[in-house]
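> This is the structure, below, for whatever I ask next.
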Amino acid sequence: MKLDPSIREAMLAATPNLRAFAISLSRNVDRADDLVQETLLRALANIDSFQPGTNMSAWLFTILRNHFRSEYRKRRREVEDADGSYTASLTSQPEQTGKIEHEELRVALAKLPADQCEALLLVGASGFSYEEAAQICGCAVGTVKSRVNRARNRLAELMAIESPDDFGPDRETQAVLAANERR
Amino acid sequence: MQSEKTADKAEASMKSSSGSARLGRDVQHKIGQQLRAMYDDVIKEGVPDRFRDMLRQLDNPDDGSSEGSRG
Chain A
1382 MKLDPSIREA MLAATPNLRA FAISLSRNVD RADDLVQETL LRALANIDSF
1432 QPGTNMSAWL FTILRNHFRS EYRKRRREVE DADGSYTASL TSQPEQTGKI
1482 EHEELRVALA KLPADQCEAL LLVGASGFSY EEAAQICGCA VGTVKSRVNR
1532 ARNRLAELMA IESPDDFGPD RETQAVLAAN ERR
Chain B
97 MQSEKTADKA EASMKSSSGS ARLGRDVQHK IGQQLRAMYD DVIKEGVPDR
147 FRDMLRQLDN PDDGSSEGSR G
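These protein sequences, in sequence, are chains A and B. Okay, so the first sequence: first residue is 1382 according to the numbering used here, each after it adds one. Okay, so the second sequence: first residue is 97 according to the numbering used here, each after it adds one.
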């Protein structure tokens, strides 16, 4: 097989970002690397269906995402995760390359529904537009927007992210209280 | 498409009744920053040799094993 060098370069260029997505989805570096490898192999096997000039990155993400989805469903069925213990074990699995400061974020991401998690990762971290993310997930742009929105809300709740400097509302409340006292 | 939109709206309004429907820009910004910081740690690692080698070998099946036999 002779591969167009520009295609190989485009694949390599997309790989680090693809890998970051895979690690965030699977929460396991070894599994993520297997996902990336399988994605690249599938992409090569179907390279004829790739239209030169279109977005290689989005194409690879689509393959990886679909592969992850079907693997995940298969595993869930195998493990019969009725009580959620498998999901819980994934959540608590230590991240090999992950830094401790991202642990809170990873745990919070693991609690999101898969649809919302992938939408948020694609738009918020991978840098895709809503339109590209919709294409990757095979859904409407409006659906992606609302998933991202819900994911952000839930993350903010889970991680207790509040207004910057943490004195915004409090200061206002204090001002009102102070004003009332003066009366 | 229309029905999907309304379904999402219904879902969104259900959510909003339980709390914040809209986040401030600062909170969105913080979440985005943290997500990208998490990604950056992986991206900094670049392309693992495993993938580079795989693409090269697939492209050039004779490569690799014949390296030492030359000359």
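A virtual CB, placed ideally from N, CA and C, is assigned to each residue, including glycine.
Spatial neighbours of residue 1474 of chain A within its chain, please: CB distance less than 7 Å, with the 5 preceding and 5 following residues excluded, ordered by chain position.
Position 93 of the first sequence, counted from the start, is the residue given in the question as residue 1474 of chain A. Any reading at residue 1474 of chain A must be qualified, since the residue scores a pLDDT of 48, below 50, and its modelled position is unreliable; no value is offered.
> Output the distance between the C-alpha atoms of residue 1430 of chain A and residue 1440 of chain A, rounded to the nearest integer angstrom.
The count along the first sequence starts at 1 and reaches residue 1430 of chain A at position 49. The count along the first sequence starts at 1 and reaches residue 1440 of chain A at position 59. The alpha-carbon atoms of residue 1430 of chain A and residue 1440 of chain A are separated by roughly 10 Å.
> Take residue 1500 of chain A and list the residues in its own chain whose beta-carbon comes closer than 7 Å to its own, dropping the five residues that flank it on each side.
On the first sequence, residue 1500 of chain A is found 119 positions in, with the first residue counted as 1. 1514, 1518, 1525, 1528, 1529, 1532.
> Between the alpha carbons of residue 1436 of chain A and residue 156 of chain B, how many angstroms are there, rounded?
Here residue 1436 of chain A corresponds to residue number 55 of the first sequence, with the count starting at 1. Here residue 156 of chain B corresponds to residue number 60 of the second sequence, with the count starting at 1. Spanning the two alpha carbons is a distance of roughly 25 Å.
> Check whether the Cβ of residue 1474 of chain A lies closer than 8 Å to any Cβ atom in chain B.
Counting from 1 along the first sequence, the entry for residue 1474 of chain A is found at position 93. Any reading at residue 1474 of chain A must be qualified, since the residue scores a pLDDT of 48, below 50, and its modelled position is unreliable; the value itself is stated next. Not an interface residue.
> Going along the segment 1422 to 1441 of chain A in order, which residues come within less than 7 Å of chain B, judged by CB to CB distance?
1425
> What would DSSP say about residue 143 of chain B, mapped onto helix, strand or coil?
Counting from one through the second sequence, the residue named residue 143 of chain B turns up at place 47. Residue state, collapsed to three classes: coil.
> Determine the closest residue to residue 1452 of chain A out of A:1487, A:1486, A:1412, A:1401, with distance taken between C-alpha atoms.
Counting from one through the first sequence, the residue named residue 1452 of chain A turns up at place 71. Per the Cα distances, A:1412.
> Does the beta carbon of residue 155 of chain B sit closer than 8 Å to a beta carbon anywhere in chain A?
Locating residue 155 of chain B in the second sequence gives position 59, counting from the first residue. Chain A contact via Cβ: present.
> For residue 1404 of chain A, which residues in chain B fall below 7 Å Cβ to Cβ?
For this step, residue 1404 of chain A is matched to residue 23 along the first sequence. Within 7 Å Cβ-Cβ: 138.
> With 8 Å as the threshold, decide whether the Cβ of residue 1542 of chain A is near any Cβ in chain B.
Looking up residue 1542 of chain A in the first sequence gives position 161. Chain B, which has a Cβ nearer than 8 Å to the Cβ of residue 1542 of chain A, makes this yes.
> When burial is assigned at 16 or more other CB atoms within 10 Å of the CB, is residue 1398 of chain A buried or exposed?
On the first sequence, position 17 is the one that residue 1398 of chain A refers to. Buried, since its Cβ has 16 or more Cβ neighbours within 10 Å.
> Note the first and the last residue of the continuous alpha helix (DSSP H) segment covering residue 1527 of chain A.
Along the first sequence, one-based indexing puts residue 1527 of chain A at 146. Per DSSP, residue 1527 of chain A belongs to the alpha helix (DSSP H) from 1522 to 1539.
> Closer than 8 Å by C-beta to residue 1449 of chain A: which residues in its own chain qualify, once you throw out the five before and the five after it? Chain order, please.
Locating residue 1449 of chain A in the first sequence gives position 68, counting from the first residue. Excluding positions up to five away in sequence, the list reads 1403, 1406, 1407, 1416.
> Against chain B, does residue 1409 of chain A count as a neighbour if the rule is that its beta carbon must be under 8 Å from one of theirs?
Mapped onto the first sequence, residue 1409 of chain A falls at position 28. Chain B, which has no Cβ nearer than 8 Å to the Cβ of residue 1409 of chain A, makes this no.
> DSSP three-state label for residue 1389 of chain A, please.
Counting from one through the first sequence, the residue named residue 1389 of chain A turns up at place 8. Here residue 1389 of chain A sits in helix by DSSP.
> Mapping DSSP to helix, strand and coil, what is residue 1401 of chain A?
As a working note, residue 1401 of chain A is residue 20 in the first sequence. Residue 1401 of chain A: helix per DSSP, three-state reduction.
> In three-state DSSP terms, what is residue 120 of chain B?
Locating residue 120 of chain B in the second sequence gives position 24, counting from the first residue. Note: residue 120 of chain B maps to coil in three-state DSSP.
> Using beta-carbon positions only, say whether residue 1534 of chain A and residue 119 of chain B come within less than 8 Å of one another.
Here residue 1534 of chain A refers to the residue found at position 153 when the first sequence is read from its first residue. Here residue 119 of chain B refers to the residue found at position 23 when the second sequence is read from its first residue. Their beta carbons are under 8 Å apart, which means residue 1534 of chain A touches residue 119 of chain B by this criterion.
> Any idea if residue 1434 of chain A is buried or exposed, counting beta-carbon neighbours within 10 angstroms, 16 or more meaning buried?
By one-based count along the first sequence, residue 1434 of chain A stands at place 53. Residue 1434 of chain A is exposed by the Cβ-count criterion.
> Please confirm whether residue 1383 of chain A has its beta-carbon closer than 8 Å to some beta-carbon of chain B.
Position 2 of the first sequence, counted from the start, is the residue given in the question as residue 1383 of chain A. Yes - at least one Cβ of chain B is within 8 Å of the one on residue 1383 of chain A.
> If we ignore side chains and look at the alpha-carbon of each, how far apart do residue 1537 of chain A and residue 1493 of chain A end up?
As a working note, residue 1537 of chain A is residue 156 in the first sequence. As a working note, residue 1493 of chain A is residue 112 in the first sequence. Near 12 Å, if we compare the C-alpha coordinates of residue 1493 of chain A and residue 1537 of chain A.
> Is residue 108 of chain B helix, strand or coil by DSSP?
Your numbering for residue 108 of chain B matches position 12 in the second sequence. Any reading at residue 108 of chain B must be qualified, since the residue scores a pLDDT of 46, below 50, and its modelled position is unreliable; the value itself is stated next. Helix, per DSSP.
> For residue 1443 of chain A, go through chain B and note every residue whose CB falls closer than 7 Å to its CB, in chain order.
For this step, residue 1443 of chain A is matched to residue 62 along the first sequence. The contacting residues do not exist; residue 1443 of chain A stays about 18 Å from chain B at best.
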